[in-house]
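Student: Here my numbering is used: the first residue of the sequence shown is 7, the next is one more, and so on. Every residue gets a Cβ at the ideal spot worked out from N, C-alpha and C, and that includes glycine. First the structure, then my questions, so here it is.
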Amino acid sequence: MRNTFLLLLGGLVGVSSYFLPFSFNQYATARANEIATRKAQQQSIATKAHDLLDDLPELTDSRLAGWRLKKGAHGSGETGVEGDSASAASMEDTQAIVDRGTESFSPQQYDVVEYPLPSHAHGILDGDDRVRGVGVLLSNNRDRLDAASLPAEKIDLCQVEPLTLDPEGQWGSGLEGGEQQVWRKDELEPRVFVAYADLRKITSKQNGMADKWRRWILEEPLSEGCGPPPGAEEEPEIL
7 MRNTFLLLLG
17 GLVGVSSYFL
27 PFSFNQYATA
37 RANEIATRKA
47 QQQSIATKAH
57 DLLDDLPELT
67 DSRLAGWRLK
77 KGAHGSGETG
87 VEGDSASAAS
97 MEDTQAIVDR
107 GTESFSPQQY
117 DVVEYPLPSH
127 AHGILDGDDR
137 VRGVGVLLSN
147 NRDRLDAASL
157 PAEKIDLCQV
167 EPLTLDPEGQ
177 WGSGLEGGEQ
187 QVWRKDELEP
197 RVFVAYADLR
207 KITSKQNGMA
217 DKWRRWILEE
227 PLSEGCGPPP
237 GAEEEPEIL
């Protein structure tokens with residue numbers, strides 16, 4: 007009886023020793039395949055996200071992410087950032103394109119413009135006799151994908167980012183032999199909405215940096231009544 011029990015026990019141990027490694031190997035293989043599949047999915051998602059960002063030029067400022075120009079919009083030719091015309095042409099199928107050359111007097115996205123100050127802003131600051139300010143054209147309702155569905159009174163509206171002088175910035179020789187003034191985004195002024203017809207393009211160049219580090223130099227004089235807010239040339243006081 008005892009010998010029979012020992013034989014049965016030995017048989018069970020032998021069977022378990024045969025199946026257990028097989029089951030563990032199966033589990034390990036399945037787990038490795040699952041991890042590899044997840045990594046492949048993550049890589050695919052990352053690649054698609056990268057391609058999407060490539061398809062949206064000037065997405066350094068997330069506030070602009072909702073705005074895209076229609077393909078074939080008026081004045082298509084070069085991207086919003088200065089670049090090679092040949093490389094811009096090769097990207098026509100994947101991104102919004104803006105021409106700065108053929109329509110030299112027509113403001114396009116990211117151009118520096120003069121814009122009319124809202125009437126309620128006239129004279130708020132001491133010594134401020136401006137009627138027009140300087141800013142960057144961020145977006146134009148005419149170029150929205152849903153432009154056809156907008157009310158007539160809103161189709162001409164544009165969004166402008168006000169600029170002010172950078173008290174620390176001066177570059178080379180200016181318009182009349184003096185120092186060129188450097189402009190930057192005005193952190194104290196909110197964006198404004200004005201009619202596209204009221205904008206005047208200003209020839210300018212910028213350093214290509216992103217968002218708050220971006221600087222502009224104007225290459226033509228401003229019209230009468232247009233300029234930076236009072237005190238823009240002074241260094242800000244840190245309290």
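Exposed or buried, R221, counting other C-beta atoms within 10 Å across all chains shown (16 or more means buried)?
Tutor: Buried is the call here.
Student: I'd like to check one pair, L205 with D121: are the Cβ atoms closer than 7 Å?
Tutor: Reading off the sequence, residue 121 comes out as Tyr, not Asp. Result yes, Cβ atoms of Y121 and L205 sit closer than 7 Å.
Student: Is it a yes or a no for the stretch 198-214 touching the stretch 225-234, going by three-plus beta-carbon pairs under 8 Å?
Tutor: The stretch 198-214, when compared against the stretch 225-234, does touch it at the 8 Å Cβ threshold.
Student: Check this for me: beta carbons of G233 and R150, under 7 Å apart or not?
Tutor: Result no, Cβ atoms of G233 and R150 do not sit closer than 7 Å.
Student: So what does V188 bridge to, in DSSP terms?
Tutor: Answer is I223, bridged to V188.
Student: Find the nearest neighbour of P235 within the set E174, Q186 and L169, judged by alpha-carbon distance.
Tutor: Residue L169 is the option with its Cα nearest to P235.
Student: How many angstroms separate the CA atom of L163 from the CA atom of L156?
Tutor: Roughly 10 Å separates the two Cα atoms.
Student: Could you tell me whether the Cβ atoms of Q186 and L171 are closer together than 7 Å?
Tutor: Taking 7 Å as the Cβ cut-off, Q186 and L171 do not qualify as a contacting pair.
Student: Please confirm whether E159 and R197 have their CB atoms less than 7 Å apart.
Tutor: In this structure, R197 does not lie closer than 7 Å to E159 by Cβ.
Student: When the Cα atoms are used, what is the spatial distance from D152 to P113?
Tutor: Rounded to the nearest angstrom, the two C-alpha atoms are 21 Å apart.
Student: Going by DSSP in three states, Q212 sits in which element: helix, strand or coil?
Tutor: In the structure shown, Q212 sits in a strand (DSSP, three-state: E or B).
Student: Helix, strand or coil for Q114? Go by DSSP, reduced to three states.
Tutor: It is coil, neither helix nor strand.
Student: Using the Cα positions of N146 and M215, report the straight-line distance between them to the nearest angstrom.
Tutor: In a straight line, the C-alpha of N146 is about 22 Å away from that of M215.
Student: Considering just the uninterrupted stretch of the beta strand (DSSP E) at R197, what are its terminal residues?
Tutor: It is not in any beta strand (DSSP E) - R197 carries neither H nor E in the DSSP assignment.
Student: What are the partner residues of E167, as DSSP defines its beta bridges?
Tutor: According to DSSP, E167 bridges with V142.
Student: To the nearest angstrom, how far is it from the Cα of Q115 to the Cα of I51?
Tutor: Going by the C-alpha atoms only, they are around 30 Å apart.
Student: Look at the Cβ atom of L123, then the Cβ atom of G139, and state whether they are nearer than 7 Å.
Tutor: Yes, Cβ-Cβ distance for L123 and G139 is below 7 Å.
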